[in-house]
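Start counting the sequence shown at 1; every next residue gets the next number (this note's numbering).
Even for Gly, the Cβ is constructed at its ideal location relative to N, Cα and C.
Remember, predicted model here, so these are calculated numbers, not experimental data.
Each remark here refers to the structure printed beneath this line.
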Amino acid sequence: MDNQQTNRQKLVFYLMDKGLSNEEVAQTLSDVAEASLEEFTTEAMTFFTDEDKLAIEAAPSGVEADDLIKRLYEERSQKKADERLEQLIEAQATSYMSGSDNTTSVSRSES
């Protein structure tokens, strides 16, 4: 993917072509990332035991809970959390550009 545009990059150009402001583009990218993280967390939870879930809930901060979710996901699924999250972001960007919100609703700014 080094020499190819990612769907996230294509989304930026798509939004700019639609006349959105820099702030609206940034907000949309943030919405896409947040929706992807929510989808990742939901997927990851299917791999966790009740004890795992209690440990996540007991984490002292959101950052520590996120780190634990990623670590447990990798241990249980044998997949890299960052790679899976990137796949979800790319899928969300594609979904946004095609106008299809089958999995997650990403808020859209209207110009």
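Please classify Arg84: is it buried, with 16 or more other beta-carbons within 10 angstroms of its beta-carbon, or exposed?
Buried is the call here.
Going by the CB atoms, is the gap between Ile56 and Leu68 shorter than 8 angstroms?
Going by C-beta atoms, Leu68 is nearer than 8 angstroms to Ile56.
Buried or exposed, going by whether 16 or more other CB atoms sit within 10 Å of the CB of Phe40?
Flag for Phe40 reads buried.
Tell me the DSSP secondary structure of Met11 in three-state form.
Correcting the residue identity first, residue 11 is Leu in this sequence and not Met. Helix, per DSSP.
Along the alpha helix (DSSP H) that carries Ser30, what are the first and last residues, could you check?
22–45 is the extent of the alpha helix (DSSP H) around Ser30.
How many Å lie between Ser61 and Leu88 at the Cα?
Near 24 angstroms, if we compare the C-alpha coordinates of Leu88 and Ser61.
Taking only the alpha-carbon atoms, compute the straight-line gap between Leu11 and Asp82 and give it to the nearest angstrom.
The alpha-carbon atoms of Leu11 and Asp82 are separated by roughly 20 angstroms.
Could you compute how far the alpha carbon of Glu43 sits from the alpha carbon of Lys70?
Rounded to the nearest angstrom, the two C-alpha atoms are 11 angstroms apart.
Decide if Ser100 is buried, meaning its Cβ has at least 16 other Cβ atoms within 10 Å, or exposed.
With a pLDDT of only 49 at Ser100, under 50, the local geometry of the prediction cannot be trusted, and no value is derived from it.
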